[in-house]
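Asks:
Number of protein chains: 2
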Amino acid sequence: MKLVVIGGVAAGTKAASRAKRVGGDELEVVVYQADRDTSMSECGLPYYVSGLVGEREALIARTPEEFAGRGVSVKVRHRVERIDPEGKTLTVRDLDADSTFRDRYDRLIVATGAESVDLPVPGADLEGVFTLRSVTDADRIRAYIREHAPERAVVVGGGYIGLEMAENLRELGMAVAVVEAGPRVAPTYGQEISDRVREHLQKHGVSVHTCASAEEISCAPNGENGEGAEQVSTVRFEDTELPADLVLVGIGVRPVTALAEEAGMKVGETGAIEVDEHMRTNLPDVWACGDCVQTVNRVSGAATWLALGDVANKMGRVAGTNAATGEPTLRFPGVLGTGIFKVFDLGVGASGLSEEEAREAGFEPMCVEVEANDKAGYYPGAEPVLFRMIADRESGRVLGAEAVGAGVDKLIDVTATAIWGGLACDDLVNVDLAYAPPFGPALSPVIQAATVLSGRVRGADKGD
Amino acid sequence: MKLVVIGGVAAGTKAASRAKRVGGDELEVVVYQADRDTSMSECGLPYYVSGLVGEREALIARTPEEFAGRGVSVKVRHRVERIDPEGKTLTVRDLDADSTFRDRYDRLIVATGAESVDLPVPGADLEGVFTLRSVTDADRIRAYIREHAPERAVVVGGGYIGLEMAENLRELGMAVAVVEAGPRVAPTYGQEISDRVREHLQKHGVSVHTCASAEEISCAPNGENGEGAEQVSTVRFEDTELPADLVLVGIGVRPVTALAEEAGMKVGETGAIEVDEHMRTNLPDVWACGDCVQTVNRVSGAATWLALGDVANKMGRVAGTNAATGEPTLRFPGVLGTGIFKVFDLGVGASGLSEEEAREAGFEPMCVEVEANDKAGYYPGAEPVLFRMIADRESGRVLGAEAVGAGVDKLIDVTATAIWGGLACDDLVNVDLAYAPPFGPALSPVIQAATVLSGRVRGADKGD
Chain S
0 MKLVVIGGVA AGTKAASRAK RVGGDELEVV VYQADRDTSM SECGLPYYVS GLVGEREALI
60 ARTPEEFAGR GVSVKVRHRV ERIDPEGKTL TVRDLDADST FRDRYDRLIV ATGAESVDLP
120 VPGADLEGVF TLRSVTDADR IRAYIREHAP ERAVVVGGGY IGLEMAENLR ELGMAVAVVE
180 AGPRVAPTYG QEISDRVREH LQKHGVSVHT CASAEEISCA PNGENGEGAE QVSTVRFEDT
240 ELPADLVLVG IGVRPVTALA EEAGMKVGET GAIEVDEHMR TNLPDVWACG DCVQTVNRVS
300 GAATWLALGD VANKMGRVAG TNAATGEPTL RFPGVLGTGI FKVFDLGVGA SGLSEEEARE
360 AGFEPMCVEV EANDKAGYYP GAEPVLFRMI ADRESGRVLG AEAVGAGVDK LIDVTATAIW
420 GGLACDDLVN VDLAYAPPFG PALSPVIQAA TVLSGRVRGA DKGD
Chain F
0 MKLVVIGGVA AGTKAASRAK RVGGDELEVV VYQADRDTSM SECGLPYYVS GLVGEREALI
60 ARTPEEFAGR GVSVKVRHRV ERIDPEGKTL TVRDLDADST FRDRYDRLIV ATGAESVDLP
120 VPGADLEGVF TLRSVTDADR IRAYIREHAP ERAVVVGGGY IGLEMAENLR ELGMAVAVVE
180 AGPRVAPTYG QEISDRVREH LQKHGVSVHT CASAEEISCA PNGENGEGAE QVSTVRFEDT
240 ELPADLVLVG IGVRPVTALA EEAGMKVGET GAIEVDEHMR TNLPDVWACG DCVQTVNRVS
300 GAATWLALGD VANKMGRVAG TNAATGEPTL RFPGVLGTGI FKVFDLGVGA SGLSEEEARE
360 AGFEPMCVEV EANDKAGYYP GAEPVLFRMI ADRESGRVLG AEAVGAGVDK LIDVTATAIW
420 GGLACDDLVN VDLAYAPPFG PALSPVIQAA TVLSGRVRGA DKGD
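Chains S and F are the protein sequences, given in the same order. Numbering of the first sequence is given in numbering that gives the first Met the number 0, commencing with residue 0 and proceeding in unit increments. Numbering of the second sequence is given in numbering that gives the first Met the number 0, commencing with residue 0 and proceeding in unit increments.
1) Closer than 7 Å, CB to CB, is F/Pro437 near chain S or not?
2) Output, in chain order, the set of chain S residues within a Cβ distance shorter than 7 Å of F/Phe331.
3) Sorted by chain position, which residues of the same chain lie with C-beta nearer than 7 Å to F/Ile59's C-beta, five sequence neighbours on each side aside?
4) Go ahead and pull the three-state DSSP assignment for S/Pro293.
5) How many angstroms separate the CA atom of S/Val153 from the CA atom of S/Cys424?
6) If you scan the region 226–286 of chain S from start to end, which runs of the alpha helix (DSSP H) of 4 or more residues do you find wholly inside it?
7) Looking at F/Glu411: is its Cβ nearer than 7 Å to the Cβ of F/Glu354?
8) Determine the direct distance from the alpha carbon of S/Asp373 to that of F/Trp419, and round the result to whole angstroms.
9) If you run the structure through DSSP and keep just helix, strand and coil, what is F/His199?
10) DSSP on F/Thr450, reduced to helix/strand/coil?
11) Between the region 407–423 of chain F and chain S, which residues of the former have a C-beta closer than 7 Å to a C-beta of the latter?
12) How big is the Cα-Cα spacing for S/Arg465 and F/Glu126?
13) Throw me the rounded Cβ distance for the S/Val71 and S/Ala15 pair, which I believe falls under 8 Å.
14) For F/Asn312, would you say it is in contact with chain S, using Cβ-to-Cβ distances shorter than 7 Å as the test?
15) Only counting runs of 3 or more residues, tell me where the beta strand (DSSP E) segments fall wholly within the region 80–150 of chain S, in order along the chain.
16) Answer with yes or no whether the minimum CB distance from S/Gly122 to chain F is below 7 Å.
17) To the nearest angstrom, how far is the alpha carbon of S/Leu258 from that of S/Asp275?
18) At which residues does the alpha helix (DSSP H) containing S/Ser16 begin and terminate?
19) Considering only C-alpha positions, which residue in the set S/Leu282, S/Lys202, S/His277, S/Ser212 is nearest to S/Pro329?
20) Contact between the region 314–325 of chain S and the region 136–155 of chain S is defined here as three or more beta-carbon pairs at a separation below 8 Å; is this criterion met?
21) Under a three-way DSSP split, which group does F/Gly462 fall into?
22) Quick check on DSSP: helix, strand or coil for F/Tyr434?
23) Which residues, taken in chain order from the region 41–65 of chain S, show a beta carbon closer than 7 Å to some beta carbon of chain F?
24) In angstroms, rounded to a whole number, what distance separates the CA positions of F/Ala449 and S/Met173?
25) Enumerate in chain order the residues of its own chain whose CB-to-CB distance from F/Val310 is below 7 Å, with the five nearest sequence positions on each side excluded.
26) Which same chain residues end up closer than 8 Å to S/Gly376 when comparing Cβ atoms and leaving out the 5 residues on each side of it in sequence?
27) Roughly how many angstroms lie between the CA atoms of F/Thr111 and F/Val75, to the nearest whole one?
28) Identify, in the order they occur along the chain, each residue of the same chain with its Cβ nearer than 6 Å to the Cβ of F/Ser49, setting aside the five sequence neighbours on each side.
29) When the cut-off is 7 Å and only beta carbons count, does S/Tyr188 lie next to chain F?
30) Taking 8 Å as the threshold, find out whether the region 205–222 of chain F comes into contact with the region 233–242 of chain F through three or more Cβ pairs.
31) Return the residue from the list S/Asp194, S/Thr187, S/Ala123, S/Val246 that minimises the CA-CA distance to S/Ala176.
32) Could you tell me the alpha carbon to alpha carbon distance between S/Arg17 and S/Arg457, rounded to whole angstroms?
33) Does any C-beta atom of chain S lie closer than 7 Å to the C-beta of F/Thr294?
34) Could you check where the beta strand (DSSP E) with S/Leu2 kicks off and where it finishes?
35) Grab me the residues of S/Asp463's own chain with a C-beta within less than 7 Å of its C-beta, minus the 5 sequence neighbours each way, in chain order.
36) Out of S/Val445, S/Gly404, S/Arg392, which has the shortest C-alpha to C-alpha gap to S/Thr414?
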């Protein structure tokens, strides 16, 4: 029995390892990976660009040699160009040999991941304009920085990757401007949190331009000795021209689905591959997982697509197990849309639905904001955090949370666990969390927020 | 309508404030507090002794004047000496005036708290031997340190307070020895975690003696010029004499129940006052809350007693509300026994049942230990953490967790929330927690542990 996995980053390698463990000697497992690297942490890339993470090896969880030791054959620089689901064959290009061959499979897992969206403006292909999705991308940026010592960077896009890169380029000593097309940075968060992120960026010397849609990237009008003529020098939006020796485009990612679609795999409303809760596609003996598939938001019930390493890892475990057994052994129950990032020393995180998403999903959301500290107020080094909880007025069910400041990861994870368990705010009023002065206030912001909201549930008369 | 609250620390003041808010103008609320301080954070005391928290005011959430502004009359240095539940009267001693008077109540809340257990050995009353339970105790220790500049301290007791004090006395530059009667420090934790705490204490220059039951405390055999003759100089266990210029006794606390018992209130198997889930005692119109009452462990169903500020606060809210309405408006659902402390830069926490407690409660516990980091392994400053999860082999239900190292508060709080919600380890395999490299590994130790355990649930065949 032969299992082929297309894609060798988080979901693909997890699925392959897991399938091999479950399937044992009976199961041959081959992974095709187009990039030269496999099993790398894409989330760590911004920190590798700045050198905070010094060695590229540190980002690679497992090499092809290590996979071979576990009985999984990982072939890097091999791109699958075609899937024939009827004949159960694949057309594979060996990128180094520049040749093509056919392979066959009994079972197939598609884990083709996501790719950066390119900026559709003139000059986006100039030297010094980058996206960041792979270690190879990061190597290119590092090499460019070494060679050209850029002093001014423009980051196009104010989402996770843009803001993380703003921090890391700033840490390298560059003057950094963020250019965001929408009205605010960290756009998936509420206004209050967005505002704090913006202030924090500015406090750290990053200039922030919102409602600023980059329209053109230009090269230096006259490079000395003809050099640098193709090299980026400005980013323009409306009448503003920002000087730029380096441009980082972080305007989003999209699922890589062309190969799957061509083979007849169904793509869902989000544009990603449709799978059932067992990670099966509509094609027989074909599973899919990771950044290329859509899943369901457990709170709203809506189809959702996100590209996150931890989710990909979990999906890979389910797909790998089920592909090995050929049965619906494991189930992937969906996501809450939990996310977190750090920008300088500010943490920003969320889980579940925003107020707006909750309303769209048919809930009657009520919200509360709690200002607290990450330690007892009197304990030295206590830092502020703003925590926001959203619950349904009718049922009291906790729908979402977002937080900015110190210790956000704990508050978001506690709320995510509560949402995952279907708890109502009333259930959280007395939840027995850990308290000592170095770890938080006596009553966690989660408890404070739940207490206020529990008094507002329809029919309740409990106050705060 | 008049409500009297006996005791003005966490539970008492919370109950009083809450009752006033619910009861409004109709309700007169009086708090009698024997100590000179009210509404203080007892958990912060060790840090006040070392001066890490510099101002005593910082530990006091609200003064009697501030309570007065909210319509709550707090009388400090007033000790209630007798309750007459039939006549609904109290005998109150004004400690400053050294006089006694009678008061009456319509409703009564008992929040008499807990007190330190004295060491029952000769010399325990010598100058320089302290327990730490109130700001007054801490003031005494600070004054003694200022006056005598002790160089060598012995801490008797290796629990929370003993270890926190070992750290804080060490921070003051003293040579510190911990003397613990049992076989290990942090005795409520497993062997592995205890060992790490011990190593960490030793690494920070604290000597640790276990199976060492302090038998005698002696004073200096010959004080110069007759001074210091009553002052502590050694602590002896068996043949060992440890030099000690200061002794801190932290061998435990017990509920203060004499007043309640004398009035006919029923005391439970734990020695604390018995209340129902609405915090009612067996006497009409009398509620009780905080460190003087027993509650139930929600996992084992067993009666339990613990003295923790956050629990006291939650109980106070329930007792205050119900005393104001005279109805069973709110319910206190019990505890998980969650606890946490820090010793130097090591966090130690637990929630739910230990393996042994789980077995005693009739479960068939299975355990797993996960070694992880508090950040992605490659992210600078990643620190190790050991996380241990306990679940029931039959049902898969999560029963408990303990952790030592960096970021334990998050792991314990997530698990506590899961236990609170009645989740099984299988439910946690795909829980959507927040991941980014500065905040943890891609798969939280909670998920890693749950994944391993979910494969061991009876009848499961899921592996890890």
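In this text, a Cβ means the ideal position worked out from N, Cα and C, and glycines have one as well.
Replies: By the coordinates alone:
1) In the second sequence, counting from the first residue as 1, residue 437 of chain F sits at position 438. Interface residue, yes.
2) Locating residue 331 of chain F in the second sequence gives position 332, where the first residue counts as 1. By Cβ distance, chain S contributes Asn429.
3) As a working mapping, residue 59 of chain F is identified with position 60 in the second sequence. Result list for F/Ile59: Asp36, Ser38, Met39, in chain order.
4) Against the first sequence, residue 293 of chain S aligns to sequence position 294. Correcting the residue type first, residue 293 of chain S is Gln in the shown sequence and not Pro. Assignment of S/Gln293 by DSSP, reduced to helix, strand and coil, places it in the coil class.
5) For the purposes of this step, residue 153 of chain S is identified with residue 154 of the first sequence, where counting begins at 1. For the purposes of this step, residue 424 of chain S is identified with residue 425 of the first sequence, where counting begins at 1. Distance between the alpha carbons of S/Val153 and S/Cys424 is about 43 Å.
6) 257–261
7) Residue numbering aside, residue 411 of chain F sits at position 412 when the second sequence is read from its first letter. Residue numbering aside, residue 354 of chain F sits at position 355 when the second sequence is read from its first letter. Sequence inspection shows Ile at residue 411 of chain F; the Glu mentioned does not correspond to that position. No, they are not a contact pair.
8) Walking along the second sequence from the start, residue 419 of chain F turns up at place 420. Walking along the first sequence from the start, residue 373 of chain S turns up at place 374. Each residue's Cα considered, the two are about 22 Å apart.
9) As a working mapping, residue 199 of chain F is identified with position 200 in the second sequence. The answer is helix: DSSP assigns F/His199 an H, G or I state.
10) Walking along the second sequence from the start, residue 450 of chain F turns up at place 451. Three-state DSSP puts F/Thr450 in a helix.
11) Those residues of the region 407–423 of chain F that come within reach of chain S (Cβ to Cβ, closer than 7 Å) are Asp408, Lys409, Ile411, Asp412, Val413, Ala415, Thr416, Ala417, Trp419, Gly420, Leu422.
12) Lying outside 0 to 463, the shown extent of chain S, residue 465 of chain S is not represented and no answer is given.
13) Along the first sequence, one-based indexing puts residue 71 of chain S at 72. Along the first sequence, one-based indexing puts residue 15 of chain S at 16. Yes, S/Val71 and S/Ala15 are in contact; Cβ-Cβ is about 5 Å, under 8 Å.
14) Here residue 312 of chain F refers to the residue found at position 313 when the second sequence is read from its first residue. Look at F/Asn312: its C-beta is under 7 Å from a C-beta on chain S.
15) 88–93, 98–103, 106–109, 113–115
16) For the purposes of this step, residue 122 of chain S is taken as residue 123 along the first sequence, with counting starting at 1. With 7 Å as the cut-off, S/Gly122 does not count as an interface residue toward chain F.
17) Numbered from its first residue, the first sequence carries residue 258 of chain S at position 259. Numbered from its first residue, the first sequence carries residue 275 of chain S at position 276. So the two alpha carbons sit approximately 19 Å from each other.
18) By 1-based counting over the first sequence, the position of residue 16 of chain S is 17. 9–22 is the span of the alpha helix (DSSP H), which, as asked, contains S/Ser16.
19) The sequence position of residue 329 of chain S within the first sequence is 330, counting from 1. The question names Pro, but residue 329 of chain S in the sequence shown is Leu. When only C-alpha atoms are compared, the closest one is S/His277.
20) no
21) Position 463 of the second sequence, counted from the start, is the residue given in the question as residue 462 of chain F. Unreliable positioning characterises F/Gly462 in this predicted model, as indicated by a pLDDT of 48, which lies under 50. The coordinate reading is nonetheless provided below. F/Gly462 falls in the coil class under three-state DSSP.
22) Position 435 of the second sequence, counted from the first residue, corresponds to residue 434 of chain F. In this structure, F/Tyr434 counts as coil in the three-state DSSP scheme.
23) Listed by position, the residues of the region 41–65 of chain S near chain F (Cβ gap below 7 Å) are Cys42, Gly43, Tyr46, Leu51, Val52, Ala57, Leu58.
24) The count along the second sequence starts at 1 and reaches residue 449 of chain F at position 450. The count along the first sequence starts at 1 and reaches residue 173 of chain S at position 174. Going by the C-alpha atoms only, they are around 44 Å apart.
25) Mapped onto the second sequence, residue 310 of chain F falls at position 311. So the qualifying residues of the chain are Val334.
26) The sequence position of residue 376 of chain S within the first sequence is 377, counting from 1. Around S/Gly376: Pro440.
27) The residue labelled residue 111 of chain F in the question sits at position 112 within the second sequence. The residue labelled residue 75 of chain F in the question sits at position 76 within the second sequence. Each residue's alpha carbon lies about 13 Å from the other.
28) Stepping through the second sequence from its first residue, residue 49 of chain F is reached at position 50. The answer, listed in chain order, is Asn167, Glu170, Leu171.
29) As a working note, residue 188 of chain S is residue 189 in the first sequence. False, the Cβ-Cβ gap to chain F never drops below 7 Å.
30) yes
31) Locating residue 176 of chain S in the first sequence gives position 177, counting from the first residue. Of the listed residues, the one whose Cα sits closest to S/Ala176 is S/Val246.
32) Counting from one through the first sequence, the residue named residue 17 of chain S turns up at place 18. Counting from one through the first sequence, the residue named residue 457 of chain S turns up at place 458. S/Arg17 and S/Arg457 have their C-alpha atoms roughly 47 Å apart.
33) Here the question's residue 294 of chain F lines up with position 295 in the second sequence. Not an interface residue.
34) Within the first sequence, the letter at position 3 stands for residue 2 of chain S. Unbroken beta strand (DSSP E) run through S/Leu2: 1–5.
35) As a working mapping, residue 463 of chain S is identified with position 464 in the first sequence. Per-residue confidence for S/Asp463 stands at a pLDDT of 48, beneath the threshold of 50, marking its modelled position as unreliable; the derived number appears in the next sentence. Cβ neighbours of S/Asp463 beyond the five flanking positions: Thr450, Val451, Gly454.
36) For the purposes of this step, residue 414 of chain S is taken as residue 415 along the first sequence, with counting starting at 1. For the set S/Val445, S/Gly404, S/Arg392, the Cα lying nearest the Cα of S/Thr414 is the one of S/Val445.
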